[in-house]
Amino acid sequence: MRKKSFGRCPFDFDEDVKKIAAINKYIHAKFERHKNKIDNLKGVEQKLMVLHYFNVLNELSNQAIFSLSTGAFSASEVLTRVIMEQAANQFYIAIDDGKNAQALLKGSKKLVHSNGKRWLECLKSKEMTNPAADERIRIGKELTDMFNRLWPNTPEYPGTKKLFEVIGWETHYHAYYVPLCDSIHTFSDDMANIVSLYNAIQSDKTTAIELTLAVKQENKRLAIYNVVIAIGLRCEALVNVFNSLGYRDIITEMAPTIDAVNQIIIRYDDFEHSRIFYCQ
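First residue of the sequence shown? That's 5 in my numbering, and the numbers climb one at a time after it.
In structure tokens form, the structure reads like this:
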């Protein structure tokens with residue numbers, strides 16, 4: 005028989021947010037200290053893109069942590085998903101001789117072209133026009149053709165699912181990334197909680213108060229869990245860059261930080277698993 009309440013989470017959420025912020029700060033400081041080593045990557049595009057991804061990931065991670073500290077959990081959820089995506093991209097473009105970076109550039113402009121064509125088709129079906137659609141097609145085709153001439157043998161950039169598989173993050177894709185992409189499901193959960201709260205208020209105010217506190221606690225717990233997963237993947241992407249360049253000493257330096265991330269994740273996983281057992 006299922007229980008009505010899971011009980012309070014024993015974690016100090018504010019302390020965990022501080023730990024995550026410190027870990028994220030350390031990751032970026034490690035990059036800043038050793039970013040000159042990125043010059044040893046083989047491709048020019050690869051070097052520029054890997055460096056830029058570090059700055060993008062730092063910006064996104066800082067915003068996600070700030071969202072946690074201000075209780076903006078919907079914002080942190082969106083940022084978490086993007087951090088995972090961009091960490092995966094950085095990981096992938098750092099593992100070869102530069103063709104993966106070229107493939108990403110080609111793929112992005114090819115997408116601009118195809119998106120412009122679909123937009124124009126939609127406009128025509130409604131007897132409408134928009135010069136921006138024509139321009140999107142023109143620019144997309146022009147840049148795609150240019151990249152095809154520059155790099156004729158570059159393979160197609162993988163889609164998101166395939167990308168996660170190629171870099172060994174297939175489990176992460178199913179366990180963490182996909183649920184964050186299902187925003188309809190996520191927000192419908194929030195709506196269901198609101199309806200449940202409303203119904204509880206009508207029948208039993210004490211129960212309603214308990215349920216309100218439980219929902220707030222669960223939202224915060226999930227937000228922190230998702231952000232620490234994303235920061236962990238960001239850390240893994242950084243480790244991969246240095247590993248691909250042969251800097252094992254840097255990875256050794258980062259081992260305590262990697263362990264600190266894993267310990268937080270394990271603690272949250274253990275709590276979740278204990279609740280699943282409790283409800284069976």
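Yeah, the Cβ is synthetic: ideal placement off N, Cα and C, and Gly gets one too.
In this text, all values refer to a predicted model and were calculated from it rather than measured experimentally.
**Request:** Starting from the C-beta of F168, find all residues in its chain whose C-beta is less than 8 angstroms away, skip the five residues before and the five after it, and write them out in chain order.
**Result:** Counting from one through the sequence shown, the residue named residue 168 turns up at place 164. Excluding positions up to five away in sequence, the list reads A92, E174, H176, Y177 and Y181.
**Message:** Within 10 Å of its beta-carbon, does R122 have 16 or more other beta-carbons around it, so buried, or fewer, so exposed?
**Reply:** Taking the sequence shown and counting its residues from 1, the one referred to as residue 122 is at position 118. Result: exposed.
**Per-residue burial, E63 [other beta carbons within 10 Å of its own, 16 or more giving buried]** = In the sequence shown, counting from the first residue as 1, residue 63 sits at position 59. Label assigned to E63: exposed.
**Prompt:** How is P14 classed by DSSP in three states: helix, strand or coil?
**Reply:** One-based indexing of the sequence shown puts residue 14 at position 10. Coil at P14, not helix or strand.
**Prompt:** How do the stretch 109 to 120 and the stretch 142 to 153 stand: do at least 3 beta-carbon pairs fall below 8 angstroms, yes or no?
**Reply:** yes
**Asked** I think L249 touches N44, with their Cβ atoms under 8 angstroms apart; what is that distance to the nearest whole Å?
**Response** On the sequence shown, residue 249 is found 245 positions in, with the first residue counted as 1. On the sequence shown, residue 44 is found 40 positions in, with the first residue counted as 1. That pair is a contact at about 5 angstroms.
**Asked** Are the Cβ atoms of M53 and I97 separated by less than 8 angstroms?
**Response** Here residue 53 is taken as the residue at index 49 of the sequence shown, counted from 1. Here residue 97 is taken as the residue at index 93 of the sequence shown, counted from 1. Contact flag set, yes.
**Asked** Looking at F77 and N223, is the spacing between their C-beta atoms short of 8 angstroms?
**Response** In the sequence shown, the residue the question calls residue 223 occupies position 219. In the sequence shown, the residue the question calls residue 77 occupies position 73. Taking 8 angstroms as the Cβ cut-off, N223 and F77 qualify as a contacting pair.
**Message:** What does the Cβ neighbour count give for C126, buried or exposed, with the cut at 16 atoms within 10 Å?
**Reply:** Translated into positions along the sequence shown, residue 126 becomes position 122. Taking all protein chains in view, the Cβ of C126 is surrounded by fewer than 16 other Cβ atoms within 10 Å, so the residue is classified as exposed.
**Request:** Figure out for me which residue from R85, Y57, E240 and P183 has the closest Cα to the Cα of L108.
**Result:** Looking up residue 108 in the sequence shown gives position 104. If we check each option's Cα against that of L108, Y57 comes out closest.
**Request:** For the stretch 65 to 83 and the stretch 25 to 39, state whether three or more C-beta atom pairs, one from each stretch, are separated by less than 8 angstroms.
**Result:** yes
**Message:** Could you tell me the alpha carbon to alpha carbon distance between V231 and I27, rounded to whole angstroms?
**Reply:** Start at 1 with the first residue of the sequence shown, and residue 231 comes out as number 227. Start at 1 with the first residue of the sequence shown, and residue 27 comes out as number 23. Between V231 and I27, the C-alpha separation is close to 12 angstroms.
**Request:** Look at F246 and I235 and say whether their C-beta atoms are less than 8 angstroms apart.
**Result:** Looking up residue 246 in the sequence shown gives position 242. Looking up residue 235 in the sequence shown gives position 231. In this structure, I235 does not lie closer than 8 angstroms to F246 by Cβ.
**Message:** Within 10 Å of its beta-carbon, does E19 have 16 or more other beta-carbons around it, so buried, or fewer, so exposed?
**Reply:** By 1-based counting over the sequence shown, the position of residue 19 is 15. Around the beta carbon of E19, fewer than 16 other beta carbons lie within 10 angstroms, which makes this residue exposed.
**Request:** Could you name the residues of the same chain whose beta carbon sits closer than 6 angstroms to that of N197, not counting the 5 residues immediately before and after it, in chain order?
**Result:** Within the sequence shown, numbered from 1, the residue matching residue 197 stands at position 193. For N197, where only same-chain residues beyond five positions count, the Cβ hits under 6 angstroms are V219.
**Request:** Compute the distance between the beta-carbons of L184 and E81, then report whether it is under 8 angstroms.
**Result:** Walking along the sequence shown from the start, residue 184 turns up at place 180. Walking along the sequence shown from the start, residue 81 turns up at place 77. Closer than 8 angstroms, so yes.
**Asked** Can you give, in chain order, each stretch of the alpha helix (DSSP H) that sits fully within the stretch 11 to 67 and has at least 4 residues?
**Response** 17 to 38
**Prompt:** In angstroms, rounded to a whole number, what distance separates the CA positions of V89 and F95?
**Reply:** Indexing the sequence shown from 1 puts residue 89 at position 85. Indexing the sequence shown from 1 puts residue 95 at position 91. In the sequence under discussion, the amino acid at residue 89 is Glu, which differs from the Val named in the question. Distance between the alpha carbons of E89 and F95 is about 10 angstroms.
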